[in-house]
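Q: The structure's right below; bear with me while I get my questions together.
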Amino acid sequence: MTPDDLGQLSETSQAMGKPKYVGQGDRFMIRFSGQEKVEMQAPLQVPVKRCGSRDLALRVAELCYEQLELGRTKAEAMEFRDSLLGQCKELSPGKSPGKSPAKSPAEPAKEDIQIADAQAEDLASRAIRMAAEAARAAALAVSKLTAPAVAPVEVEEVEDGQQDSLKKKKRVLFNDGRIEGRASGLPNASINGVYVAKDKTQLFHGRRCWEKLGASPAEHRRLFYSAPLAKWKICERFDDTAPVIAYAPVDTLGHLPPAGPDVQWYVFDGSSHVLDPAVHFLEQQPSSKRQKPSEPKAKDFEMSQLELAELHYKQCLEMYQVGKKMSPQDASSAAVILGRVVSKKNYLINGVYLQRAGKFHGALCYQKISANDKGHKFLLFSATKSSWRITDKIQDQQSFAYARVEDRGVDSPADLPRGYLIWKVYQSREVGYVKDDEVYCCRLDLDALLARAERAKAALEACKMSEEPEPLSDAPSVRVAAALAETKTDAAGRRFRAAQKTAEGAAEDFVVRTPPESNSGHAGHGSLSAQPKGLLVSSDEEEGVVVVEPRRQEPRTEKPTVRVIVKSLADLEGPKPKVLWPKRACAKMLVRAGSRCSCCFRPIDWCEKR
Numbered sequence: 101m102t103p104d105d106l107g108q109l110s111e112t113s114q115a116m117g118k119p120k121y122v123g124q125g126d127r128f129m130i131r132f133s134g135q136e137k138v139e140m141q142a143p144l145q146v147p148v149k150r151c152g153s154r155d156l157a158l159r160v161a162e163l164c165y166e167q168l169e170l171g172r173t174k175a176e177a178m179e180f181r182d183s184l185l186g187q188c189k190e191l192s193p194g195k196s197p198g199k200s201p202a203k204s205p206a207e208p209a210k211e212d213i214q215i216a217d218a219q220a221e222d223l224a225s226r227a228i229r230m231a232a233e234a235a236r237a238a239a240l241a242v243s244k245l246t247a248p249a250v251a252p253v254e255v256e257e258v259e260d261g262q263q264d265s266l267k268k269k270k271r272v273l274f275n276d277g278r279i280e281g282r283a284s285g286l287p288n289a290s291i292n293g294v295y296v297a298k299d300k301t302q303l304f305h306g307r308r309c310w311e312k313l314g315a316s317p318a319e320h321r322r323l324f325y326s327a328p329l330a331k332w333k334i335c336e337r338f339d340d341t342a343p344v345i346a347y348a349p350v351d352t353l354g355h356l357p358p359a360g361p362d363v364q365w366y367v368f369d370g371s372s373h374v375l376d377p378a379v380h381f382l383e384q385q386p387s388s389k390r391q392k393p394s395e396p397k398a399k400d401f402e403m404s405q406l407e408l409a410e411l412h413y414k415q416c417l418e419m420y421q422v423g424k425k426m427s428p429q430d431a432s433s434a435a436v437i438l439g440r441v442v443s444k445k446n447y448l449i450n451g452v453y454l455q456r457a458g459k460f461h462g463a464l465c466y467q468k469i470s471a472n473d474k475g476h477k478f479l480l481f482s483a484t485k486s487s488w489r490i491t492d493k494i495q496d497q498q499s500f501a502y503a504r505v506e507d508r509g510v511d512s513p514a515d516l517p518r519g520y521l522i523w524k525v526y527q528s529r530e531v532g533y534v535k536d537d538e539v540y541c542c543r544l545d546l547d548a549l550l551a552r553a554e555r556a557k558a559a560l561e562a563c564k565m566s567e568e569p570e571p572l573s574d575a576p577s578v579r580v581a582a583a584l585a586e587t588k589t590d591a592a593g594r595r596f597r598a599a600q601k602t603a604e605g606a607a608e609d610f611v612v613r614t615p616p617e618s619n620s621g622h623a624g625h626g627s628l629s630a631q632p633k634g635l636l637v638s639s640d641e642e643e644g645v646v647v648v649e650p651r652r653q654e655p656r657t658e659k660p661t662v663r664v665i666v667k668s669l670a671d672l673e674g675p676k677p678k679v680l681w682p683k684r685a686c687a688k689m690l691v692r693a694g695s696r697c698s699c700c701f702r703p704i705d706w707c708e709k710r
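Numbering-wise, the working numbering puts 138 at position 38 of the sequence shown, and it's gapless, one number per residue.
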């Protein structure tokens, strides 16, 4: 079909070249200035796809423009356009413009026979299927099928968070590119530069495209793929009919960027497109605008052993206080989640869970009681996933931890024996849910919680004692304290040794002889009580009596005490003298004061004329 088959324009019509082609939607747009602005607010469009080719679409648009010139309204022009589009559809390749031949009277009978055969075939297949089902039911009634003894394989559940992460990994963003190699002295050297990739929603002919914005619209450069010509083009705008600045023919259908040694670029030099082997396209890494800045999070910082022990003690103490304040009725139905280490993620699942009045999916539902608003958690059963889950809301789409069961949530997780439920806790996007054998669920026991809090407190105190202070041996204050302690020890030792020598010297005695008395011997030694105690006198000694007296010692002179005085370097230097800087004075004042000579401005003593 040719455009002349639709019709020809009149000689007075000005519709030639008036319709504008829009490559974004592959259509022609018509704007007629003669119509009212309200009526022609939206332009009249002619899609190329419905016409079959661009030439036919252009002729349809020109004929519609001619109708508007003749004074037809937009609605009438649209009806005329639809009629032309119908002709294009009827006369499309594969169909003749003439009428279809009339059917012979034998053809309806043939169709009826085919329908009857199809119905008979359906009845036969239905009978065969029913017979097969009956035979299968009879076989099952006689002997039940037993599954082969194969070890069950645990299938890891893929949560919604993991599915989102997998989708994000498969998502590929378009990278920016760079055109290099065009010499600056040659024409159209402006194709060199960085080309920013357009968004995935902005494609040209279903392929990716790039653009480089300049100071003016004439300096803009667009890189896109032309599907009809199988070429990569560089033009001023995204238009397949725009003047081509450079192009590169490829056989990849535009699904790969125009990079590589096999891609050859032809650049327009003013008269024709000439091959330039130096021009090439390089795909770059994503720009910094596309990469979100990574900010440090609180979870990325490691906590010390003391901080972990303190956090564990606070959590145990909080659980005991919450359980102690509960009424006996609530305490009997409450559940407790324990075992998650505070050093791991989602440790806040530990706590006391109070049974709620309502149910979720026909099973019991629990809510965590916590002093912190951010610590609200729910323990509920998901019938769709057959597992007990710990969530932040009453929903089963996203959860912090889960444990599969087969009883459809009939039994409470607190009544199940320890180790029956295998809890898996969410760790990260890369790892997903990780099994934690230490996590378990039980009933509320205040004695056990109290013992747990006491053990946590003892561990905290032991951790505080084990931490050593920072070494301060080089500090001046420590050196001063050590010197003073050593001095006091030496002084005490000297005093102790001096006192010991004094006691030993006082115990030493020496003999002194005295002349005999004039009285008779009976008067001298007849009575022992008349003599001093400890001084025994012998009657055989005629010359005198030996008297034992303590040795006289001269008064001891105390030795000078050594006092240790520690001073810093600043104290040893002494007070610094105050520096008096010379004040400024003009030459005239120095001369009048007599310190300088008026002839040579030297000091008075140095002047040669004086």
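Here a beta-carbon is modelled for each residue, glycine too, at the ideal position from N, C-alpha and C.
Quick one: Cα of Gln495 to Cα of Cys416, how far?
A: Each residue's alpha carbon lies about 28 Å from the other.
Q: Is Glu190 near the ligand SAM, in the sense that its beta carbon is under 6 Å from a heavy atom of that ligand?
A: Looking for the ligand SAM in the displayed structure turns up nothing, as the structure carries no ligands at all.
Q: Express the C-alpha separation of Pro517 and Ser404 in angstroms, rounding to a whole number.
A: Distance between the alpha carbons of Ser404 and Pro517 is about 35 Å.
Q: Which of helix, strand or coil does DSSP assign to His380?
A: In this structure, His380 counts as strand in the three-state DSSP scheme.
Q: Between which two residues does the alpha helix (DSSP H) carrying Gly186 extend?
A: From DSSP, the alpha helix (DSSP H) with Gly186 extends over 174-190.
Q: Looking at the unbroken beta strand (DSSP E) that takes in Gln495, where does it start and where does it end?
A: Counting along the chain, Gln495 falls outside any beta strand (DSSP E), and DSSP gives it neither H nor E.
Q: For the beta strand (DSSP E) containing Val363, name the first residue and the last one.
A: Unbroken run through Val363: none, as it is neither H nor E.
Q: State the Cα-Cα distance for the pair Phe500 and Tyr121, rounded to the nearest angstrom.
A: Cα to Cα, Phe500 sits roughly 55 Å from Tyr121.
Q: Residues in the same chain with beta-carbon distance under 7 Å from Val422, minus the five sequence neighbours each way, listed in chain order, please.
A: Hits under 7 Å: Val452, Ile469.
Q: Which same chain residues, not among the five before or five after Ala630, have their C-beta less than 7 Å away from its C-beta?
A: Confidence in Ala630 is poor, its pLDDT being 45 and thus under 50, which makes the residue's placement too unreliable to answer from.
Q: Report yes or no: do the segment 340-354 and the segment 287-300 share at least 3 C-beta pairs separated by less than 8 Å?
A: Yes, since at least three Cβ pairs between the segment 340-354 and the segment 287-300 fall closer than 8 Å, the two stretches touch.
Q: Going by the DSSP bridge assignment, what does Leu480 pair with across the sheet?
A: Answer is Cys465, Arg489, bridged to Leu480.
Q: At what residues does the alpha helix (DSSP H) containing Met101 begin and finish?
A: Where Met101 is concerned, there is no enclosing alpha helix (DSSP H), given that its DSSP letter is neither H nor E.
Q: Considering only the alpha carbon of each residue, which of Gly277, Ala471, Lys485 lies closest to Gln384?
A: Selected option, being the one with the closest Cα: Gly277.
Q: Taking only three categories from DSSP, how would you classify Cys335?
A: It is a strand residue.
Q: For Met419, count neighbouring Cβ atoms within 10 angstroms of its own Cβ and tell me buried if that reaches 16, exposed if not.
A: It counts as buried.
Q: Please confirm whether Tyr295 and Arg307 have their CB atoms less than 7 Å apart.
A: It is not a contact, given that the beta carbons lie outside the stated cut-off.
Q: Going by DSSP, which residues form a beta bridge with Glu280?
A: According to DSSP, Glu280 bridges with His380.
Q: How is Val350 classed by DSSP in three states: helix, strand or coil?
A: The answer is coil: DSSP assigns Val350 none of H, G, I, E or B.
Q: To the nearest angstrom, how far is it from the Cα of Leu406 to the Cα of Ala553?
A: If you take the alpha carbons of Leu406 and Ala553, they lie about 16 Å apart.
Q: Taking three-plus beta-carbon pairs below 8 Å as touching, is the segment 534-553 in contact with the segment 437-454?
A: These segments touch.
Q: From the DSSP output, read off the bridge partner residues of Gly451.
A: Paired residues: Ile437.
Q: Per DSSP, which one or two residues make a beta bridge with Trp92?
A: Lying outside 101 to 710, the shown extent of the chain, residue 92 is not represented and no answer is given.
Q: Is DSSP giving Asp705 helix, strand or coil here?
A: Helix.
Q: Could you compute how far the alpha carbon of Glu162 sits from the alpha carbon of Ser113?
A: Cα-Cα distance, rounded: 9 Å.
Q: Within the same chain, show all residues whose beta-carbon is closer than 8 Å to that of Glu176, passing over the 5 residues directly before and after it, in chain order.
A: Answer for Glu176: Gln167, listed in chain order.
Q: By DSSP, does Gly694 sit in helix, in strand, or in coil?
A: If DSSP states are grouped into helix, strand and coil, Gly694 belongs with coil.
Q: Grab the span of the alpha helix (DSSP H) containing Met419 for me, first residue to last.
A: Note, Met419: alpha helix (DSSP H), 405-425.
Q: Are the CB atoms of Asn446 and Val534 within a distance shorter than 7 Å?
A: In this structure, Asn446 does not lie closer than 7 Å to Val534 by Cβ.
Q: To which residues of the same chain is Ile704 closer than 8 Å at the C-beta, ignoring the five residues directly before and after it?
A: The answer, listed in chain order, is Gly694, Ser695, Arg696, Cys697, Arg710.
Q: With a Cβ-Cβ cutoff of 7 Å, do Leu106 and Leu185 count as a contact?
A: It is not a contact, given that the beta carbons lie outside the stated cut-off.
Q: Determine the extent of the alpha helix (DSSP H) in which Tyr165 is found, giving its start and end residues.
A: Its alpha helix (DSSP H) spans residues 154-169.
Q: What did DSSP end up calling Pro317 once you bin it into helix, strand or coil?
A: In the structure shown, Pro317 sits in a helix (DSSP, three-state: H, G or I).
Q: Less than 7 Å between the beta carbons of Val146 and Arg154, yes or no?
A: No, Cβ-Cβ distance for Val146 and Arg154 is not below 7 Å.
Q: In angstroms with no decimal places, state the Cα-to-Cα distance between Leu356 and Leu411.
A: Leu356 and Leu411: Cα-Cα distance of roughly 54 Å.
Q: Report back the beta-carbon spacing between Leu353 and Gln364 to the nearest angstrom; my notes put them in contact at under 8 Å.
A: 17 Å between Cβ atoms; not a contact.
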